[in-house]
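Numbering (our numbering), first residue to last: 66 to 602.
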């Protein structure tokens with residue numbers, strides 16, 4: 066009897082537990098389902114948000130200088146440039162990438178940063194369209210953007226061009242092509258990037274394409290037996306294609322025009338094969354005028370001589386202040402071509418160009434602009450009637466207290482070359498054919514001047530255009546002297562002061578409240594809701 070009672074009690078107890086067990090199972094299953102749903106929703110929402118942010122450029126710029134956002138000053142100036150003049154046609158632009166968008170944005174941190182800027186720009190302005198070509202599959206699409214037969218468009222290049230309302234490119238205005246590095250500002254000494262300069266680059270391109278900018282001036286010196294501009298049509302063609310306005314100037318009777326700010330940093334004076342020396346007297350001193358143009362107004366200079374040029378002491382004295390000079394005539398029977406009875410010497414790139422170097426020299430950096438950091442292959446550079454360029458001791462160069470200066474060989478002959486010195490001796494060995502002097506007037510500033518000494522009067526001859534790198538190298542040098550960036554009020558490069566993010570106090574407070582108060586309250590409220598529901602079920 067007692068056993069039956071115990072069994073009855075046990076059965077009653079088990080029966081009493083069953084509803085509870087069912088509720089536990091019910092809510093346990095519900096919790097798992099809700100958890101799975103929340104996780105799936107989080108993944109889906111994250112995927113959608115990531116996709117939309119990539120397409121529309123949604124992001125929060127938390128850097129102190131707003132590196133990743135277009136500034137209000139930029140928007141104001143861009144709107145002004147794009148507004149048509151009274152009665153004029155609206156301005157339409159194409160920004161053309163040489164690779165598909167996904168590939169371009171993922172190439173490296175530089176392309177990704179520029180890509181985000183371009184997406185924000187095109188999202189804000191309906192008359193600017195971003196176009197991406199796959200030039201790897203269709204290389205013919207890039208050909209129209211190549212300035213010379215040796216010019217090669219890189220996958221990371223960015224092209225800006227005028228277009229019609231359907232965004233078909235207009236052929237009457239040459240497009241502007243920029244390397245990805247040109248959107249950044251580099252340290253004048255180390256070459257490392259110190260800031261992001263995309264705003265000035267983009268504004269400059271639009272201003273130049275729409276004719277709303279002043280071109281830099283190439284002053285072509287006259288009065289010393291130099292060929293006229295008509296006679297030096299190759300120079301005129303190259304300078305105009307590089308974006309310069311060309312003006313003849315006779316410093317015996319004229320002075321260099323100086324802008325109000327005194328900065329001629331983008332302008333050049335060209336002294337092309339003079340037969341007579343510069344004036345350097347107390348009454349008239351062309352040397353002093355050029356020295357002021359270079360040293361006070363931050364201008365640039367290109368000097369051209371060949372083996373027929375006489376000795377010009379005043380000009381040589383001016384060049385020596387920049388660590389450059391001229392020697393004797395050069396021949397090389399083993400590395401030359403013969404044309405019209407004149408010996409033309411071929412240079413040896415290996416003397417100055419080493420693209421594999423971990424810390425590339427200035428010569429390598431300049432030549433990389435032509436060869437894209439690759440092997441030049443069968444490409445040659447030729448000097449007709451060549452004359453040696455002397456690279457003097459850098460310690461002789463006069464420089465500012467906070468600046469730096471250096472002169473170096475850009476192009477040299479093979480070791481088999483023979484140079485006839487001014488005293489009649491003949492020396493065998495590599496000789497410099499093109500020398501460059503670079504003066505940084507103040508560290509980390511834009512005040513940089515270049516002086517180039519060239520040892521051939523036919524360096525830009527159209528005879529060399531098809532198979533030689535002569536013109537491409539000159540374009541690279543001209544691009545150093547004027548990088549196509551203009552100055553706009555309120556627009557400056559955005560410095561990479563630190564890699565850490567800077568959050569304003571107000572934003573930090575808001576995020577603190579969200580993380581410390583709002584989220585815990587939501588979690589506690591959800592927990593209370595579940596507890597109450599379970600108690601009353």
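Think of the CB as a built atom: it goes at the ideal place given N, C-alpha and C, for glycine as much as any other residue.
- Assignment of residue 109 by DSSP, reduced to helix, strand and coil, places it in the helix class.
- Boundaries around residue 538 are those of the alpha helix (DSSP H), 535–546, since no beta strand (DSSP E) includes it.
- Selection 316, 200 and 264 evaluated against residue 348 yields 316 as nearest (Cα-Cα).
- Here the C-alpha atom of residue 237 lies approximately 9 Å from the C-alpha atom of residue 227.
- By the CB criterion at 7 Å, residue 107 and residue 163 fall outside the cutoff.
- Classified as buried, residue 180 has 16 or more neighbouring CB atoms from the shown chains inside 10 Å of its CB.
- The Cβ neighbour count for residue 340, taken over all protein chains shown within 10 Å, is under 16; the residue is labelled exposed.
- Within the DSSP bridge table, the entry for residue 193 names 158 as partners.
- Annotation: residue 484 is outside any alpha helix (DSSP H); the continuous beta strand (DSSP E) that includes it extends over 483–485.
- Within the model, the alpha-carbon separation for residue 265 versus residue 187 is close to 16 Å.
- Leaving aside the five residues that flank residue 529 on each side, the residues in its chain whose CB is nearer than 7 Å to its CB run, in chain order, 447 and 535.
- In this structure, 332 is the residue among 112, 594, 332 and 439 with its C-alpha nearest to the C-alpha of residue 360.
- Distances from the CA of residue 502 to each of 321, 323, 386 and 248 were compared; the closest alpha carbon is that of 386.
- Residue 251 is bridged by DSSP to 258.
- Here the alpha carbon of residue 272 sits roughly 49 Å from the alpha carbon of residue 399.
- DSSP places residue 382 inside the alpha helix (DSSP H), whose first and last residues are 378–385.
- Under the three-state reduction of DSSP, residue 312 is assigned to strand.
- Taking a cut-off of 8 Å for Cβ pairs, the segment 158–177 and the segment 218–232 touch, as three or more such pairs fall below it.
- Beyond the five residues adjoining it in sequence on each side, residue 416 comes within less than 6 Å, by CB distance, of 477 and 495 in the same chain, given in chain order.
- The straight-line gap separating the alpha-carbon atoms of residue 452 and residue 395 is approximately 6 Å.
- It is roughly 34 Å from the alpha-carbon of residue 258 to the alpha-carbon of residue 321.
- DSSP places residue 349 in the coil class of the three-state scheme, outside both helix and strand.
- Only residues of its own chain outside the window of five on either side were considered, and among them 222, 223, 224, 225, 266, 270 and 549 have a CB closer than 8 Å to the CB of residue 243, listed in chain order.
- Annotated as distal: residue 397 and residue 283, with beta-carbon spacing of 7 Å or more.
- Residue range 427–436 is occupied by the alpha helix (DSSP H) that includes residue 433.
- The C-beta distance from residue 454 to residue 518 rounds to 5 Å, short enough to meet the 8 Å contact threshold.
- Beta-bridge partners assigned by DSSP to residue 476: 499.
- Taking the C-beta atoms as reference points, residue 428 is found no nearer than 7 Å to residue 380.
- Here DSSP, grouped into helix, strand and coil, assigns residue 558 to coil.
- Counting the other Cβ atoms within 10 Å of the Cβ of residue 281 gives 16 or more, which makes it buried.
- Residue 194 is not a Cβ neighbour of residue 135, given a cutoff of 7 Å.
- In the three-state reduction of the DSSP assignment, residue 317 falls in the coil class, being assigned neither a helical nor a strand state.
- Rounded to the nearest angstrom, the Cβ distance from residue 445 to residue 532 is 7 Å, consistent with a contact under 8 Å.
- Burial check for residue 587: the Cβ neighbour count within 10 Å stays below 16, so the residue is exposed.
- According to the DSSP assignment, residue 271 belongs to the alpha helix (DSSP H) that extends over 263–274.
- Residue range 365–369 is occupied by the beta strand (DSSP E) that includes residue 366.
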